[in-house]
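Trainee:
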Amino acid sequence: MDNNKESWAQQIRECRACGSTDWQNVVSLGQVPLANGFLEQGLSYEDEPRFPLAVVSCRDCRLLSLTHVVDPAVLFREYLYVTSPSDTMRRHMRRVADLCEERFGIPAGSLVVEMGSNTGEQLAAFQDDRMRVLGVDPARALAAVATERGVPTLPDFFSATSGERIREEHGPARLVLGRHVFAHIDDIADVAAGVRRLLRSDGVFAIEVPYALDMLERNEFDTIYHEHLSYFMVDTLATFFARHGLRVVDVEHLGVHGGSILVFVGHQDGPWPTRPVVDQMREKEQRAGLHEDAMYTGFAQTVEETRHTLTRLVGELRAEGRTIAGYGAPAKGNTLLTTCGLSNDQVEFCTDTTELKQGKVLPGTHVPVRSPAYGEEHPPDYYLLLAWNYSEEILRKERDYLESGGRFIVPIPRPRVVTARSAN
Ligand code: TMP
Ligand code: ZN
10 MDNNKESWAQ QIRECRACGS TDWQNVVSLG QVPLANGFLE QGLSYEDEPR FPLAVVSCRD
70 CRLLSLTHVV DPAVLFREYL YVTSPSDTMR RHMRRVADLC EERFGIPAGS LVVEMGSNTG
130 EQLAAFQDDR MRVLGVDPAR ALAAVATERG VPTLPDFFSA TSGERIREEH GPARLVLGRH
190 VFAHIDDIAD VAAGVRRLLR SDGVFAIEVP YALDMLERNE FDTIYHEHLS YFMVDTLATF
250 FARHGLRVVD VEHLGVHGGS ILVFVGHQDG PWPTRPVVDQ MREKEQRAGL HEDAMYTGFA
310 QTVEETRHTL TRLVGELRAE GRTIAGYGAP AKGNTLLTTC GLSNDQVEFC TDTTELKQGK
370 VLPGTHVPVR SPAYGEEHPP DYYLLLAWNY SEEILRKERD YLESGGRFIV PIPRPRVVTA
430 RSAN
């Protein structure tokens with residue numbers, strides 16, 4: 010890796026989905042540090058790298074893309090993100106396995122390959138159903154953790170080359186899965202080529218990505234960070250896969266991570282019929298204004314208002330002497346805090362269940378991350394709910410905190426304060 014940090018980020022030229030260069034500028038969030046770049050406490054933070062964080066929309070296929078791509082070796086080789094051990098996620102992963110197996114009649118013993126498989130949680134759900142599984146993840150430490158627990162995992166990026174090699178060694182796959190990874194990849198054409206080589210003729214490629222329409226309509230602008238290169242509509246994905254000999258055959262709209270889509274893709278001439286929901290969702294996107302610049306300028310305006318409202322609310326509470334801590338230290342929390350100009354003067358600490366994060370400080374704002382137990386011993390007047398995608402689970406779990414007078418600020422879609430009374 011080049012030590013010159015300038016060279017870690019490249020400006021995009023053409024649309025990675027369709028090749029167009031006709032971009033609409035959507036939002037620009039400034040120079041922002043990497044959202045998963047947690048730092049050791051007490052270091053000098055002077056050479057913490059920052060990169061431009063801005064989103065554009067392709068006027069041809071309406072892919073939403075970051076303007077700058079940070080070198081994946083920088084982002085993912087030493088990755089710290091581990092799948093949250095939450096009930097919500099465990100249930101979700103079980104559901105993903107059921108959906109894939111039931112809709113496409115996948116029998117026990119089939120080969121299931123997952124790219125970006127992290128610590129192997131999702132593949133373990135397929136193992137419960139007696140599938141043969143193989144993970145592929147470039148984060149060496151995570152691949153080792155997964156292999157150790159019995160989910161064999163290659164420490165690699167998924168590509169045309171690794172797709173080919175997996176087929177040679179393990180045979181063709183019945184299912185290739187990519188949960189919250191496709192939007193992280195710049196060369197998606199190379200991934201599509203790898204999938205085409207690896208999949209059986211009746212195989213299915215299932216990707217789960219945050220749904221761009223939900224992000225726009227629910228103002229989830231904090232899900233914009235350097236790992237998320239693309240924000241997809243069904244329409245954009247259908248156009249993209251058609252260019253690569255593949256076909257979107259089914260879509261399921263799910264609640265996780267603020268609204269995600271599970272998109273099932275088969276070979277262009279494969280046996281799976283295209284289900285009507287695919288066109289229905291594309292039509293819904295058209296009606297919402299997918300191809301109009303206005304939809305994106307409207308989003309940009311809401312983002313500006315939210316940044317303003319949240320900064321003011323936090324400023325007023327601090328002026329009244331209230332204490333505020335962050336609940337959760339998710340990557341998106343860093344976008345929220347950095348782009349709202351909040352600092353460790355305003356947010357005293359964040360609690361997070363992930364041990365790897367505890368004891369470190371957040372990138373950019375340098376707010377220290379503590380354990381949930383620390384939070385219980387030092388309850389703030391207000392918790393800023395950075396992990397708002399788990400709000401139902403968290404508000405239920407924090408009943409006692411609320412009952413004893415604690416409050417939550419839920420920042421997204423619009424900042425609002427939740428008390429014991431209003432949480433009912
Ligand atoms: P995620 O949205 O990327 O899964 O990140 C959620 C973060 O929030 C993760 O670091 C774990 C943390 N978290 C808590 O600290 N407490 C909780 O109750 C939950 C559900 C998550
Ligand atoms: Zn495009």
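Note that the numbering used here numbers the sequence shown so that position 155 is 164, with each residue one more than the last. Built from N, CA and C at the ideal position, the CB exists for glycine as well. Just so we're clear, the structure is a prediction, and the values are computed from it rather than from any experiment.
#1: K369 bridges to which residues according to DSSP?
#2: Is M124 near G212, with beta carbons less than 7 Å apart?
#3: For S431, does the three-state DSSP call read helix, strand or coil?
#4: Just the C-alpha distance for E236 and D137, rounded to the nearest angstrom, thanks.
#5: So, for H300: in the same chain, excluding its five sequence neighbours on each side, which residues have a beta-carbon less than 7 Å away from its beta-carbon?
#6: Nearest-angstrom Cα distance between T245 and D195?
#7: Do M102 and A134 have their C-beta atoms closer together than 7 Å?
#8: Counting only the same chain and skipping the five closest in sequence on each side, list residues whose C-beta sits under 6 Å from that of V312.
#9: Output yes if chain C places a C-beta closer than 7 Å to the C-beta of G279; else output no.
#10: Return yes when the C-beta of D244 is under 6 Å from any heavy atom of the ligand ZN, and no when it is not.
#11: By Cβ distance below 6 Å, which residues in the same chain neighbour G337 in space, the five residues on each side in sequence not counted?
#12: If I measure Cβ to Cβ from M290 and keep anything under 6 Å in the same chain, skipping five residues before and after, which residues do I get?
#13: Where does the unbroken beta strand (DSSP E) through V121 begin, and where does it stop?
#14: What residue ranges within the region 304-369 form continuous alpha helix (DSSP H) runs of no fewer than 4 residues, ordered along the chain?
#15: Does the ligand TMP have a heavy atom nearer than 6 Å to the CB of D223?
#16: Check R104 in the structure and name its three-state DSSP category.
#17: Would you check if there are 3 or more beta carbon pairs closer than 8 Å linking the region 367-386 to the region 65-84?
#18: According to DSSP, what are the bridge partners of P81?
#19: Any heavy atom of the ligand ZN inside 6 Å of the beta-carbon of L345?
#20: According to DSSP, is I194 part of a helix, a strand, or is it coil?
#21: Please state whether DSSP places F214 in a helix, a strand or coil.
#22: Name the two residues that bound the continuous beta strand (DSSP E) containing G39.
#23: For the beta strand (DSSP E) holding R256, just list the boundary residues, first then last.
#24: Quick one: what does DSSP say A18 is sitting in, helix, strand or coil?
#25: Taking 6 Å as the cut-off, is the beta-carbon of A148 closer than that to any non-hydrogen atom of the ligand TMP?
#26: Based on the DSSP output, what are the partners of G275 in its beta bridges?
#27: Return yes when the Cβ of V142 is within less than 7 Å of the Cβ of L184, no when it is not.
#28: Under 8 Å by Cβ, that's how I've got S352 and H276 pegged, so tell me the actual separation to the nearest angstrom.
#29: Sorted by chain position, which residues of the same chain lie with C-beta nearer than 8 Å to I333's C-beta, five sequence neighbours on each side aside?
#30: Where are the beta strand (DSSP E) runs, 3 residues long or more, that stay fully inside the region 139-196, in chain order?
Mentor: Per the coordinate set shown:
#1: On the sequence shown, residue 369 is found 360 positions in, with the first residue counted as 1. BP columns for K369 point to E49.
#2: Counted from its first residue, the sequence shown places residue 124 at position 115. Counted from its first residue, the sequence shown places residue 212 at position 203. No, the Cβ-Cβ distance between M124 and G212 is not below 7 Å.
#3: Numbered from its first residue, the sequence shown carries residue 431 at position 422. In this structure, S431 counts as helix in the three-state DSSP scheme.
#4: Locating residue 236 in the sequence shown gives position 227, where the first residue counts as 1. Locating residue 137 in the sequence shown gives position 128, where the first residue counts as 1. Those two C-alpha atoms are separated by around 31 Å.
#5: Position 291 of the sequence shown, counted from the first residue, corresponds to residue 300. Hits under 7 Å: R71.
#6: By 1-based counting over the sequence shown, the position of residue 245 is 236. By 1-based counting over the sequence shown, the position of residue 195 is 186. Their Cα atoms are separated by approximately 15 Å.
#7: Taking the sequence shown and counting its residues from 1, one reaches residue 102 at position 93. Taking the sequence shown and counting its residues from 1, one reaches residue 134 at position 125. Cβ atoms of M102 and A134: closer than 7 Å.
#8: Locating residue 312 in the sequence shown gives position 303, counting from the first residue. The residues are V36, F230.
#9: Reference to chain C is not applicable here, since this structure consists of a single protein chain.
#10: Working through the sequence shown from its first residue, we reach residue 244 at position 235. Answer for D244: no, Cβ out of range of the ligand ZN.
#11: Start at 1 with the first residue of the sequence shown, and residue 337 comes out as number 328. So the list reads D361, L395, A396, once near-sequence residues are dropped.
#12: Numbered from 1 along the sequence shown, position 281 holds the residue referred to as residue 290. Contacts found: V243, V260.
#13: Position 112 of the sequence shown, counting from 1, holds the residue named residue 121. Here the beta strand (DSSP E) through V121 covers 120-124.
#14: 340-348
#15: Numbered from its first residue, the sequence shown carries residue 223 at position 214. D223 Cβ: outside cutoff for every heavy atom of the ligand TMP.
#16: Here residue 104 is taken as the residue at index 95 of the sequence shown, counted from 1. In the structure shown, R104 sits in a helix (DSSP, three-state: H, G or I).
#17: no
#18: Translated into positions along the sequence shown, residue 81 becomes position 72. For P81, which the question treats as bridged, DSSP gives no partner whatsoever.
#19: Taking the first residue of the sequence shown as position 1, residue 345 is located at position 336. Incorrect: L345 has no Cβ contact closer than 6 Å to the ligand ZN.
#20: Here residue 194 is taken as the residue at index 185 of the sequence shown, counted from 1. The answer is coil: DSSP assigns I194 none of H, G, I, E or B.
#21: Locating residue 214 in the sequence shown gives position 205, where the first residue counts as 1. Strand, per DSSP.
#22: What you label residue 39 is simply residue 30 of the sequence shown in a count that begins at 1. Looking at the DSSP string, the run of the beta strand (DSSP E) that includes G39 is 32-42.
#23: One-based indexing of the sequence shown puts residue 256 at position 247. Looking at the DSSP string, the run of the beta strand (DSSP E) that includes R256 is 255-263.
#24: Taking the first residue of the sequence shown as position 1, residue 18 is located at position 9. Note: A18 maps to strand in three-state DSSP.
#25: For this step, residue 148 is matched to residue 139 along the sequence shown. Flag unset: Cβ of A148 not near the ligand TMP.
#26: Numbered from 1 along the sequence shown, position 266 holds the residue referred to as residue 275. Per DSSP, R256.
#27: Here residue 184 corresponds to residue number 175 of the sequence shown, with the count starting at 1. Here residue 142 corresponds to residue number 133 of the sequence shown, with the count starting at 1. Contact flag unset, no.
#28: Mapped onto the sequence shown, residue 352 falls at position 343. Mapped onto the sequence shown, residue 276 falls at position 267. No, S352 and H276 are not in contact; Cβ-Cβ is about 51 Å, not under 8 Å.
#29: Stepping through the sequence shown from its first residue, residue 333 is reached at position 324. Within the same chain, I333 has close Cβ partners V323, L326, R327, Q355, V356, E357, P389, D390, Y391, Y392, L393, I418.
#30: 141-145, 182-188
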